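With my numbering, letter number 113 in the sequence shown gets 111, and the count goes up by one each step, no holes.
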Amino acid sequence: VLFYWVLALIGLVDFESSGIDLDLHADGSVNDLGSLAGFMIAFGLEGVPFSIVVSLLVLSAWTLSCLAGMWLLPLVPTTLLQVVAGTAVLLASGAIALPITARLLRPTKRLFVTHNAVSNAGLVGMACVVTTASVDEQFGYAEVKRRGAGLNVRVWARTPNSLTKGSNARIAEYDAAGERYLIEPEI
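Structure, rendered in structure tokens:
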């Protein structure tokens, strides 16, 4: 875990980039992923990046097993019983680490809020400002203000029109084939 975070700190590990192409084949069904998600939700481990959940879970289980190994295992008399007790400590520390990890992660969930992406149809009807010198049936760009952020989108307009840079317009429809928006001048 420490090695992973050192690599992540210096930028060598980034699993959200598209540069990693893993061709993995595994036996199992898609439902197995649903059971993992259900497991995480049941224990309150959702809403935080998976790498942080696993890191904190491993840290908690490791700490518990070290403490139990230091305080409890010396009390066990024979080597065979120590191996059995060590296995029990390993399993118990993993089980006890789950609620501890969930409790430790609860205050951090608000730091990892997921914002929904704007859909193309969601911009229809919104006001925009033309950012190119002119807009015709082939070319144009406009800026749409959405939740404080400006989105620069491809637009087109029927000609003749009076749309020039800085003109206010309204998005009338989305052209999925051309991946652009039809705009009309505001009156």
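For every residue, glycine included, the Cβ atom is placed at its ideal position computed from N, Cα and C. Model, not experiment: these values are computed from the prediction.
What residue from the options has the CA that sits closest to residue i's CA?
{"i": "G67", "options": "G164, S160, E177 and V87", "result": "V87"}
{"i": "V133", "options": "G84, E44, T162 and T77", "result": "T162"}
{"i": "P105", "options": "I8, V128 and G42", "result": "G42"}
{"i": "V(-1)", "options": "L89, A35, S117 and F48", "result": "F48"}
{"i": "Y179", "options": "P158, N159, L73 and C126", "result": "C126"}
{"i": "W3", "options": "S117, G36, S33 and V51", "result": "V51"}
{"i": "S160", "options": "G138, A40 and G36", "result": "G138"}
DSSP three-state call for residue i: helix, strand or coil?
{"i": "V153", "result": "strand"}
{"i": "S91", "result": "helix"}
{"i": "R145", "result": "coil"}
{"i": "I169", "result": "strand"}
{"i": "P97", "result": "helix"}
{"i": "P72", "result": "helix"}
{"i": "P105", "result": "helix"}
{"i": "S15", "result": "Confidence at S15 is low in this model, with a pLDDT of 42, below 50, so its placement is unreliable and the value that follows should be read with caution. Coil at S15, not helix or strand."}
{"i": "A6", "result": "helix"}
{"i": "V(-1)", "result": "coil"}
Tell me which residues share the same chain as residue i and place their Cβ nearer than 6 Å to its Cβ, disregarding the 5 neighbours each side in the sequence.
{"i": "T99", "result": "L54, L55 and S58"}
{"i": "G146", "result": "none"}
{"i": "L103", "result": "V46"}
{"i": "L149", "result": "V142"}
Is residue i close to the ligand FAD? I mean its beta-carbon at under 7 Å from any heavy atom of the ligand.
{"i": "T85", "result": "What this structure holds is no ligand at all, so the ligand FAD is not there to describe."}
What residues in its chain sit with their C-beta under 7 Å from that of residue i, if we drop five residues either side in the sequence?
{"i": "D19", "result": "Here the model assigns D19 a pLDDT of 40, short of 50, so the residue's position is not dependable and the matter cannot be decided."}
{"i": "Q80", "result": "L71 and V74"}
{"i": "K107", "result": "G45 and V46"}
{"i": "V82", "result": "none"}
{"i": "A6", "result": "none"}
So, at 8 Å on beta carbons, what are the nonlocal neighbours of residue i in its own chain, with the 5 sequence-adjacent residues on each side left out?
{"i": "G84", "result": "G67 and L71"}
{"i": "V122", "result": "I169, A170, E171, Y172 and Y179"}
{"i": "T129", "result": "Y139, A140, E141, N150 and K163"}
Stretch-stretch touch, CB-based, cutoff 8 Å, three pairs: the stretch 136 to 156 with the stretch 170 to 182: yes
Specify whether the stretch 128 to 146 and the stretch 88 to 96 touch according to this definition: at least 3 beta carbon pairs, one from each stretch, less than 8 Å apart. no
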